[in-house]
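Chains as they are written, first to last, in the numbering used here: chain X, 26 to 294; chain W, 4 to 790.
Don't be surprised by glycine CBs; every beta carbon is placed ideally from N, CA and C.
One structure is given here, and the rest of the page talks about it.
Written as structure tokens, this is what we have:
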């Protein structure tokens, strides 16, 4: 939507905006420990990634953190130790692990003498109902094909507070737009909404896989704040860091969550 | 008993001896019949005594019996002098001739043009339509809001933007009134043009300090814009053909000297070029905006006059048949002036005001539509009471019903249900009284009190009201019936301002006052967007309160040829609204949970040096200011620079009338870049590179500067004819006047940052800052005419 406003502005004025690279000096920030802790209901697909931040102009060789001690404890007191995957430094896995619905998990990561903790409770497993779509005639301006306007439909679990992200994957590419929501105003109701920002071109044969993910409030806050900070257009919000649920250090970013997933696929010829 | 009779006789005779009489009437332009606002009526025999015409051109002056020489003065009109013998109440309507149209010799005035010094008001900026006509602007599109930004204390919201900030206040803290109707979104095209077609306007006044008690509802400023009434003498038309728009205004008497109307329209036509495209969809696309202004007035007898005025404007964007986006304002004002006596002037206004937008996806058979709207109905009764030559009272009452529809969603031809965001009703009421008093010859006082209240009402049979936790989550939901009182806020806003004449050329001024604001614009972005949402105060959102104090020194030089003024101000704001990190504003029924409240402070010093008369006129303005915000939950609760914080702001405006046919004008602006949040590090998560931020608004955009230049070439105004009687050649004014206007925006092509993005190339890992600059060396041309 926000990018759209800029496009309107520029088209209206029939003017090219001039873009150029400029030099802006920024002060170095203290190095951040980055933890991406993902538990899910698919066997062996849970992982914890640990790395470090670099200065703004410091390239993208993000230092992977090896040798950390990583464990997850469930509410029954069972401790699952995640080990560093051989060949992929900084990635900690446990092939026998599968997160259960409605269960609380605690994360404990010890690295360089610092201990980072977090906790997350999984909701029930969500279910996608359908993926309806509209066909639009060609848009013009060089676009001669019709487009699809895709919607998602699922039903909320009435027994609990739920937070969702719906994420399409088109021909193997994950869509980085944020379709997130909660059931604060429609508990137990069917949710129907369009993938606003994701145009699908007919004729390119689209294999579409949609993942519906349900998680706790802290992860919703994380995603929500990330979604708004990600856009850098003049119409976007003041940028900020996503709100983390990791504790134990001032200089840690990232999240830990127990995600319950459901997927559905669709083929558009 | 005898003594008593003697006493009463004495008192009676004293009463007769000191009998006061009133002279009252209307001031009008002799060419067009337009009311003259803010003209001064001075009494030569009693220096320091006088009156000022109100917004309907009415004045009333009460003096002891006697013979007086009255001097009528107004900017861009020739002075008018008249000797009257005041032996009873007199009605005196005066027609003043516009400057340069007077052929008789005018008496040299003994009274100086020193209103800026003597007036009790401070923090007031006036711009004449002449200034607007000559100052060069983007695409040659004359703009009252952009010209106003060149004055001290008023800052542009950004490149080529009609939005503005006054003394550190946000863009939503400006009350913009068009014939008393609030205009909620005063810009077209995402802020690049204002909605005010300057051809239809008569008078513009900006109160940036403490506004008079008759105004309320916004924290930082009041911009009071009056439309022309329409020529009541003869039919006339004016218009212009410009680079991006054309406009036409027609004015005519309904019955000569009794009533008139004006009709003015403007439309942009960038999309006309699309018709030449060979792409069918491009031909079906639209992108334009238009404005319509209309006004009529009629005098019924000597004591009554009726005005009806309206504005309608819309932006339309459509992309083939699949996507439509349009937004705009509509206002309507009905007014009835009534003269209760020669000292009491009253006006009743019924005002309608609306802003909405609509976004449409899909084709005609299958459609998905989102809309949002705010609608006001406003009833106002105001009185001006000219008690005596030293006291002018103003008082009145006002009630507004606001209806907010933050999000309406409709689908057609498609089985799909989405809930609307619930409507909100609220009622805002106010009453005020103010006196403008002269104390002796040196002191002018304006003091008043405004009481206002705001009530949120239930908008449906089961209106849900949320109570949020500190973290912004819904803790509880309360239900109210339609018209139930949910919450009421109210407050007293005292205002005072004064001027003390030091000598004939200088004065000291001071003012202090409080303002309340019950409506809040939720915009989480830097630029003004049509989708910004207005929200009323509610159980969650408290009204904003601002207290401002200011001091000023005013001095004129060289027989009022040069005006100099400086003002210092300090403003403290409560209940300043900001967002939780990463809040969503649009289509969010629980948006109130994403808001955070804090305090703000703004302070600064403003300088203005202005030359009003002569071949060369213009001004130099400089503002040194600071605007900061403190909100728990943002920047660790520490003070941070508000987005509109700009340390230095300089404007230079020069207009040079080379000769009758040629006017050259130029402007130069410079200001410190806006406060902005830049990343300081980056990291990788979810397969994406994410920027890390250390501090809110801790960095600055590069400094902004720009020069514009304009040339206006008037076609010959006079023609030579042969006098039929004498056979001599003589010069007479042409009926048809026209001019060419050439201008260049951003003359030296400075690339000023509109936005700066930091992006990391995933292949090379190199992070670069990319600056987008919008307008570089934009020439434009326009042809204007009048007959």
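Within 10 angstroms of the Cβ of residue i, are there 16 or more other Cβ atoms? Answer buried if so, exposed if not.
i                     : result
residue 480 (chain W) : exposed
residue 482 (chain W) : exposed
residue 751 (chain W) : exposed
residue 49 (chain X)  : buried
residue 596 (chain W) : buried
residue 107 (chain W) : Reliability of the predicted coordinates at residue 107 (chain W) is poor, the pLDDT of 38 falling under 50, and the value obtained from them is presented with this limitation in mind. Label assigned to residue 107 (chain W): exposed.
residue 112 (chain X) : exposed
residue 250 (chain W) : buried
residue 75 (chain X)  : buried
residue 112 (chain W) : Residue placement at residue 112 (chain W) is flagged as unreliable, the pLDDT there being 41, under the threshold of 50; the coordinate-derived value follows with that caveat. Exposed, since its Cβ has fewer than 16 Cβ neighbours within 10 Å.
residue 637 (chain W) : buried
residue 316 (chain W) : buried
residue 294 (chain W) : buried
On the DSSP bridge list, what partners appear for residue i?
i                     : result
residue 161 (chain X) : X:172
residue 159 (chain W) : W:167
residue 191 (chain X) : X:204, X:237
residue 520 (chain W) : W:547
residue 744 (chain W) : W:715, W:785
residue 263 (chain W) : W:256, W:300
residue 307 (chain W) : W:303, W:341
residue 709 (chain W) : W:672
residue 616 (chain W) : Bridge partners of residue 616 (chain W): none, in fact.
residue 198 (chain X) : X:195
residue 243 (chain X) : None; residue 243 (chain X) has no bridge partner.
residue 84 (chain W)  : W:74
residue 244 (chain W) : W:249, W:786
residue 486 (chain W) : BP columns for residue 486 (chain W) are empty, so no partner.
residue 375 (chain W) : W:360
residue 602 (chain W) : W:577, W:633
residue 498 (chain W) : W:451, W:516
residue 479 (chain W) : W:470
residue 733 (chain W) : W:724
residue 335 (chain W) : W:313, W:355
Which same chain residues, not among the five before or five after residue i, have their C-beta less than 6 Å away from its C-beta?
i                     : result
residue 565 (chain W) : 614
residue 106 (chain X) : 96
residue 322 (chain W) : 288
residue 791 (chain W) : What is shown of chain W runs 4 to 790, which leaves residue 791 (chain W) out entirely.
Give me the Cβ distance between residue i and residue j, rounded to the nearest whole Å; I'm assuming they're in contact under 8 Å.
i                     : j                     : result
residue 555 (chain W) : residue 570 (chain W) : 4 Å
residue 39 (chain W)  : residue 45 (chain W)  : That belief does not hold up - the Cβ atoms of residue 39 (chain W) and residue 45 (chain W) are roughly 15 Å apart, past 8 Å.
residue 58 (chain X)  : residue 277 (chain X) : 5 Å
residue 544 (chain W) : residue 577 (chain W) : Actually they do not touch by this definition, with Cβ atoms about 13 Å apart.
residue 1 (chain W)   : residue 93 (chain W)  : For chain W, the structure presents residues 4 to 790; residue 1 (chain W) sits outside this window and is missing.
residue 296 (chain W) : residue 310 (chain W) : Going by Cβ atoms, the distance from residue 296 (chain W) to residue 310 (chain W) rounds to 13 Å, so no, they are not a contact pair.
residue 455 (chain W) : residue 494 (chain W) : 6 Å
Leaving out five residues on either side along the sequence, give the residues of the same chain with a beta carbon under 8 Å from the beta carbon of residue i.
i                     : result
residue 66 (chain X)  : 123, 124, 125, 126, 147, 150, 284, 285, 286
residue 346 (chain W) : 25, 27, 63, 65, 388, 389, 390
Given the structure, does residue i come close to the ligand HEM, in the sense that its CB is under 7 Å from one of the ligand's heavy atoms?
i                     : result
residue 234 (chain X) : Absence of the ligand HEM is noted for the structure shown, with no ligands found whatsoever.
To which residues of the same chain is residue i closer than 7 Å at the C-beta, ignoring the five residues directly before and after it?
i                     : result
residue 779 (chain W) : 749, 752, 754
residue 775 (chain W) : 757, 758
residue 300 (chain X) : No answer is possible for residue 300 (chain X): it lies beyond the span of chain X, which begins at 26 and ends at 294.
residue 558 (chain W) : 508, 509, 567
residue 57 (chain W)  : 348, 387
residue 667 (chain W) : 659, 661, 714
residue 593 (chain W) : 469, 477
residue 343 (chain W) : 349
Exercise. Which parts of the region 129 to 159 of chain W are runs of the beta strand (DSSP E), unbroken and 3 residues or longer, counting only runs that do not cross its ends?
Worked result: Listed in chain order, the complete beta strand (DSSP E) runs (minimum 3 residues) inside the region 129 to 159 of chain W are 157 to 159.
Exercise. Which ranges would you report for the beta strand (DSSP E) in the region 621 to 668 of chain W if only whole runs of at least 3 residues count?
Worked result: Complete beta strand (DSSP E) runs here, min 3: 651 to 662.
Problem set entry | Whole beta strand (DSSP E) elements within the region 80 to 120 of chain X, 3-residue minimum | For the region 80 to 120 of chain X, whole beta strand (DSSP E) runs of length 3 or above, ordered along the chain, are 94 to 99, 104 to 109, 116 to 118.
Problem set entry | Continuous beta strand (DSSP E) assignments of at least 3 residues falling wholly in the region 401 to 456 of chain W | If we require 3 residues or more, the beta strand (DSSP E) runs fully inside the region 401 to 456 of chain W come out as 427 to 442.
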